[in-house]
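Asks: Protein chains in written order, with my numbering: chain F, 6 to 288; chain Z, 13 to 446.
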Ligand SMILES: Cc1cc2nc3c(=O)[nH]c(=O)nc-3n(C[C@H](O)[C@H](O)[C@H](O)COP(=O)(O)OP(=O)(O)OC[C@H]3O[C@@H](n4cnc5c(N)ncnc54)[C@H](O)[C@@H]3O)c2cc1C
Ligand SMILES: Cc1cc2nc3c(=O)[nH]c(=O)nc-3n(C[C@H](O)[C@H](O)[C@H](O)COP(=O)(O)OP(=O)(O)OC[C@H]3O[C@@H](n4cnc5c(N)ncnc54)[C@H](O)[C@@H]3O)c2cc1C
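(1) Going along chain F, which residues have a C-beta under 8 Å from residue 95(Z)?
(2) Tell me, please, which residues DSSP counts as bridged to residue 465(Z).
(3) Can you say whether residue 42(Z) is buried or exposed, counting buried as having 16 or more other CB atoms within 10 angstroms of its CB?
(4) Please classify residue 66(F) as buried or exposed, where buried requires at least 16 other C-beta atoms within 10 Å of its C-beta.
(5) On the DSSP letters alone, give me the boundaries of the beta strand (DSSP E) that residue 147(Z) sits inside.
(6) Does chain F have any CB closer than 9 Å to the CB of residue 430(Z)?
(7) Please name the residues in the stretch 194–223 of chain F whose beta-carbon is closer than 8 Å to at least one beta-carbon of chain Z, in chain order.
(8) Whole angstroms is fine: what's the gap from residue 104(F)'s alpha carbon to residue 226(F)'s?
(9) Going by C-alpha to C-alpha distance, which of 392(Z), 420(Z), 384(Z) sits closest to residue 404(Z)?
(10) Distance check for residue 342(Z) and residue 450(Z), CA to CA, integer angstroms please.
(11) Can you list the residues of chain F that residue 164(Z) reaches, using a CB-CB cut of under 8 Å?
(12) Give every residue of the same chain whose Cβ lies closer than 6 Å to the Cβ of residue 141(Z), excluding the five residues on either side of it in the sequence, and list them in chain order.
(13) Strictly below 7 Å CB to CB, what residues from chain F border residue 139(Z)?
(14) List the residues of chain F that residue 13(Z) touches, going by C-beta distances under 9 Å, in chain order.
(15) Would you kindly check if the distance between the Cβ of residue 45(Z) and the Cβ of residue 27(Z) is under 9 Å?
(16) Helix, strand or coil for residue 437(Z), going by three-state DSSP, please let me know.
(17) Based on Cα-Cα distance, which residue from 151(F), 197(F), 179(F) lies nearest to residue 161(F)?
(18) Interface residues of chain F around residue 142(Z) at Cβ under 8 Å?
(19) Mind checking whether residue 155(Z) and residue 171(Z) have CB atoms under 9 Å apart?
(20) Considering only the alpha carbon of each residue, which of 180(Z), 90(Z), 97(Z), 54(Z) lies closest to residue 400(Z)?
(21) Compare the beta carbon distance of residue 60(F) and residue 85(F) with 9 Å and say whether it is the shorter of the two.
(22) What whole-angstrom Cβ distance do residue 359(Z) and residue 344(Z) have, given they're in contact under 8 Å?
(23) Taking buried to mean at least 16 other C-beta atoms within 10 Å of its own C-beta, is residue 141(F) buried or exposed?
(24) Given residue 351(Z), which residues of its chain have a CB within under 8 Å of its CB, disregarding the five upstream and five downstream residues?
(25) Please return the same chain residues whose Cβ sits closer than 8 Å to the Cβ of residue 283(Z), not counting the five positions on each side in sequence.
(26) Answer with buried or exposed for residue 439(Z), where buried requires no fewer than 16 other C-beta atoms within 10 angstroms of its C-beta.
(27) What is the DSSP secondary structure of residue 114(F), reduced to helix, strand or coil?
(28) Could you confirm whether any beta carbon from chain C is found closer than 9 Å to the beta carbon of residue 167(Z)?
(29) Write down every uninterrupted run of the beta strand (DSSP E) in the stretch 340–389 of chain Z whose length is 3 residues or greater and which is fully enclosed by it, in chain order.
(30) Touching or not, the stretch 264–281 of chain Z and the stretch 257–264 of chain F, by the rule of three or more beta carbon pairs under 8 Å?
(31) Distance, Cα to Cα, residue 245(Z) vs residue 296(Z)?
(32) Could you confirm whether any beta carbon from chain Z is found closer than 9 Å to the beta carbon of residue 267(F)?
(33) Using a Cβ cut-off of 8 Å, pull out every chain F residue sitting near residue 160(Z), in sequence order please.
(34) Under a CB-based cut-off of 9 Å, is residue 49(Z) close to chain F?
(35) Mind checking which residues open and close the beta strand (DSSP E) that includes residue 16(F)?
(36) What residues in its chain sit with their C-beta under 8 Å from that of residue 90(F), if we drop five residues either side in the sequence?
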């Protein structure tokens with residue numbers, strides 16, 4: 006079985022800041038990482054391949070530096086890595102991104118038909134969760150989103166458990182299928198040394214727009230009907246009041262209580278008028 | 013892992029990567045392990061590097077897009093008391109032209125990564141994110157490779173180079189190095205202050221990517237044996253202050269208190285005014301000197317850089333000694349592999365090369381420097397106080413005759429400490445560095 010995992014290299018969002026003047030992301034000096042959901046997707050693919058036989062190909066569309074995210078995925082057990090990199094892809098929104106990925110999957114289909122495509126639920130920078138469903142739509146594949154467990158792959162069908170509002174649902178879908186996966190699907194392995202070494206040495210296939218065919222006007226900026234109008238940081242929360250305890254503790258407590266009563270009087274009156282302590286904890 | 017290598021190197025700092033570049037250049041099959049996510053990820057940001065030694069490893073480093081912060085054209089030495097201080101500096105245009113890149117500042121996170129990438133391009137297998145947890149040995153005790161923290165993580169090699177830095181659990185585990193005593197290391201903290209490049213240019217009177225380094229001595233380390241430094245980066249200033257670890261314990265001081273005080277010193281504050289603190293890191297430095305250097309080689313292994321306690325304190329050239337020792341280790345290994353003999357005897361050449369080079373010669377020259385500072389705390393206390401008194405007195409114009417002022421200064425200096433002590437200090441200071 007040929008499984009494809011789509012991965013995205015993202016800035017380590019724990020480090021990203023927004024420039025307050027220009028309202029753009031400050032990416033300088035920020036490390037890039039593989040989108041955490043996508044590592045789960047690769048691991049899931051490798052587990053399926055290990056259990057039922059087959060291989061995993063990882064694909065990313067991105068700049069040449071995305072190489073390192075692909076290598077990380079190889080170290081987890083993926084057999085091949087493809088980097089879709091071309092000036093023509095620049096400025097892609099989710100529609101163009103999913104179109105580009107679809108062309109790549111089509112190309113793979115020609116030689117090694119793909120039964121399963123696995124995406125992360127969302128990218129931690131773009132956060133739209135649209136790319137996977139977009140790709141499933143272009144490919145006309147069964148679409149199974151928010152997967153938390155892969156129960157079985159058999160007789161041309163896949164059975165998964167997915168998270169839905171208010172509970173989970175077990176669902177069986179026909180292959181080829183596209184999954185988008187949640188973090189709790191499976192933990193990601195710590196690569197063995199031989200696998201890590203293989204990933205460091207393996208060649209990564211780089212494909213451009215010409216290599217994957219498709220309609221040129223659907224790529225990149227031209228193929229992107231959406232554009233980002235503005236990025237802004239929400240106003241920071243004001244800091245809490247600090248009560249210095251060094252000098253006179255009685256006074257500090259008094260200050261605190263008076264501030265508290267002034268500000269929180271509504272809450273307090275509610276608390277005091279209720280009869281149990283449960284209510285107070287809800288506040 | 014089944015695959016065997018000629019050389020396994022532990023640590024992709026200046027020492028390990030220098031060795032790796034030289035080895036790969038000679039076609040030696042080399043694997044380089046780094047525990048950080050990438051080389052440099054775990055290293056102190058910011059520092060001074062030296063072009064001459066780097067050029068011996070990578071002659072064309074300037075064309076390889078070396079990520080330089082600033083090319084250093086002036087070195088300053090400050091001797092400070094709490095309130096003021098003396099400034100001695102030397103600037104020379106030759107360091108911007110003919111001798112460009114003699115000394116320059118780099119961000120270590122970027123430099124180490126770049127350096128390891130050069131090694132990779134030369135054919136080294138650079139394996140990041142992997143900790144070496146033990147060494148492999150055969151029945152006779154000969155080192156035959158490394159054990160990493162990953163599954164199937166054993167790698168055999170004819171020679172193993174330990175370049176894992178000062179804080180080496182491996183050295184302790186394998187017993188190749190005596191356990192480090194607190195008095196043999198310094199604890200340093202560094203803070204990077206963000207400032208626009210134009211502001212740095214203006215405050216230090218430089219332009220065109222040039223910069224200034226400042227070494228700081230005196231009463232800035234709470235009376236402990238320690239130093240401070242202040243380096244210019246492209247668009248930031250690195251401040252660093254450190255003292256002997258044993259002193260920290262005795263004096264019950266906290267590193268962050270030192271750096272806060274340092275930042276408020278009247279000579280420092282205006283240089284960093286308005287800057288945001290970008291990062292704060294703490295690290296050890298080996299400063300035990302010549303007498304704490306372990307045996308540098310044995311059957312199947314060599315030790316280089318900080319791991320071998322190679323640090324010459326008065327010149328803060330740690331990375332220079334690391335690169336030079338890494339290079340010499342590699343040169344030794346290349347010949348040993350050609351002979352097909354990586355025994356202790358065959359690797360003894362490393363000791364020879366080191367002894368004949370500036371590395372051990374400088375270490376030997378300053379053998380007594382550490383103990384000298386340790387036993388003469390007046391350098392950090394009475395002396396800067398007396399010097400401040402003198403400076404203030406000489407510069408204050410108040411109708412008192414210069415001769416009278418000299419007398420005053422002399423009397424004050426003797427009040428701080430006895431004449432005999434000054435003489436002793438001079439004498440042992442001279443002996444420590446002669
Ligand atoms: C309205 C809008 C406008 C945008 N405009 C621009 C623009 O003008 N220029 C620009 O550069 N970017 C732009 N972007 C960003 C870009 O569209 C997205 O980063 C990209 O399409 C993926 O979307 P996402 O980050 O939300 O990922 P999601 O849809 O949240 O990602 C879900 C999953 O899809 C897969 N995936 C996502 N991206 C890739 C990829 N590149 N390669 C392989 N697999 C992938 C991964 O498995 C991932 O876990 C825009 C985004 C939005 C929402
Ligand atoms: C605050 C401060 C400022 C300094 N400033 C200067 C300066 O301006 N100029 C100068 O020349 N020197 C300076 N030094 C000293 C200099 O940093 C060191 O001497 C130099 O880094 C030594 O190089 P090294 O390669 O021996 O060790 P390191 O640079 O420490 O490199 C060792 C590497 O090994 C890795 N490692 C360790 N253990 C393992 C393991 N078990 N498995 C895998 N990897 C491992 C580490 O992650 C690290 O990357 C400074 C030091 C400090 C603390």
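Virtual Cβ for every residue (Gly too), placed ideally from N, Cα, C.
Replies: Let's see:
(1) Numbered from 1 along the second chain, position 83 holds the residue referred to as residue 95(Z). Under the 8 Å cutoff, chain F gives no residues; its nearest Cβ is about 28 Å from residue 95(Z).
(2) Here chain Z has residues from 13 to 446 only, and residue 465(Z) is not among them.
(3) If you number the second chain from 1, residue 42(Z) lands on position 30. So residue 42(Z) counts as buried.
(4) By 1-based counting over the first chain, the position of residue 66(F) is 61. With 16 or more other Cβ atoms within 10 Å, it is buried.
(5) By one-based count along the second chain, residue 147(Z) stands at place 135. For residue 147(Z), the enclosing beta strand (DSSP E) stretches over residues 144–149.
(6) Within the second chain, the letter at position 418 stands for residue 430(Z). With 9 Å as the cut-off, residue 430(Z) does not count as an interface residue toward chain F.
(7) 195, 196, 197, 198, 199, 201, 202, 205, 206
(8) Your numbering for residue 104(F) matches position 99 in the first chain. Your numbering for residue 226(F) matches position 221 in the first chain. When rounded, the distance between both Cα atoms is 12 Å.
(9) Locating residue 404(Z) in the second chain gives position 392, where the first residue counts as 1. Per the Cα distances, 420(Z).
(10) Coverage of chain Z is limited to positions 13 through 446, which leaves residue 450(Z) absent and any answer about it impossible.
(11) Position 152 of the second chain holds residue 164(Z). 197, 198, 199, listed in chain order.
(12) The residue labelled residue 141(Z) in the question sits at position 129 within the second chain. Same-chain partners within the cutoff: 49.
(13) Along the second chain, one-based indexing puts residue 139(Z) at 127. Result: 201, 202, 205.
(14) Here residue 13(Z) corresponds to residue number 1 of the second chain, with the count starting at 1. Correct list: 197, 198, 199, 202.
(15) Start at 1 with the first residue of the second chain, and residue 27(Z) comes out as number 15. Start at 1 with the first residue of the second chain, and residue 45(Z) comes out as number 33. The answer is no: Cβ separation not under 9 Å.
(16) Sequence index remark: in the second chain, residue 437(Z) carries index 425 (1-based). Residue state, collapsed to three classes: helix.
(17) Along the first chain, read from residue 1 onward, the residue named residue 161(F) stands at position 156. Considering only alpha carbons, the answer is 179(F).
(18) Position 130 of the second chain holds residue 142(Z). Chain F residues near residue 142(Z): 198, 201.
(19) Translated into the one-based positions of the second chain, residue 155(Z) becomes position 143. Translated into the one-based positions of the second chain, residue 171(Z) becomes position 159. Yes, the Cβ-Cβ distance between residue 155(Z) and residue 171(Z) is below 9 Å.
(20) The residue labelled residue 400(Z) in the question sits at position 388 within the second chain. The residue with the shortest Cα to Cα distance from residue 400(Z) is 97(Z).
(21) Along the first chain, read from residue 1 onward, the residue named residue 60(F) stands at position 55. Along the first chain, read from residue 1 onward, the residue named residue 85(F) stands at position 80. Yes, these two residues count as a Cβ contact at 9 Å.
(22) As a working note, residue 359(Z) is residue 347 in the second chain. As a working note, residue 344(Z) is residue 332 in the second chain. Contact flag correct, Cβ pair sits at about 6 Å.
(23) As a first step, residue 141(F) is located in the first chain; it is residue number 136 there, counting from the start. Buried.
(24) One-based indexing of the second chain puts residue 351(Z) at position 339. Same-chain partners within the cutoff: 358.
(25) Residue mapping note: residue 283(Z) aligns to position 271 of the second chain, counting from 1. Once the five neighbours on either side are set aside, the close Cβ partners of residue 283(Z) are 215, 216, 242, 249.
(26) By one-based count along the second chain, residue 439(Z) stands at place 427. Exposed, by the Cβ-count rule.
(27) Translated into the one-based positions of the first chain, residue 114(F) becomes position 109. Here residue 114(F) sits in helix by DSSP.
(28) You won't find chain C in this structure, because its protein chains are F and Z.
(29) none
(30) no
(31) Here the question's residue 245(Z) lines up with position 233 in the second chain. Here the question's residue 296(Z) lines up with position 284 in the second chain. If I take the Cα positions, the gap works out to 22 Å.
(32) Reading the first chain from its first residue, position 262 is the one you call residue 267(F). Output row for residue 267(F): interface = no.
(33) Within the second chain, numbered from 1, the residue matching residue 160(Z) stands at position 148. Simply 198.
(34) For the purposes of this step, residue 49(Z) is taken as residue 37 along the second chain, with counting starting at 1. So yes, residue 49(Z) belongs to the interface.
(35) Within the first chain, the letter at position 11 stands for residue 16(F). Its beta strand (DSSP E) spans residues 14–16.
(36) The residue labelled residue 90(F) in the question sits at position 85 within the first chain. Here the set comprises 66, 67, 68, 69, 71, 211, 212, 213.
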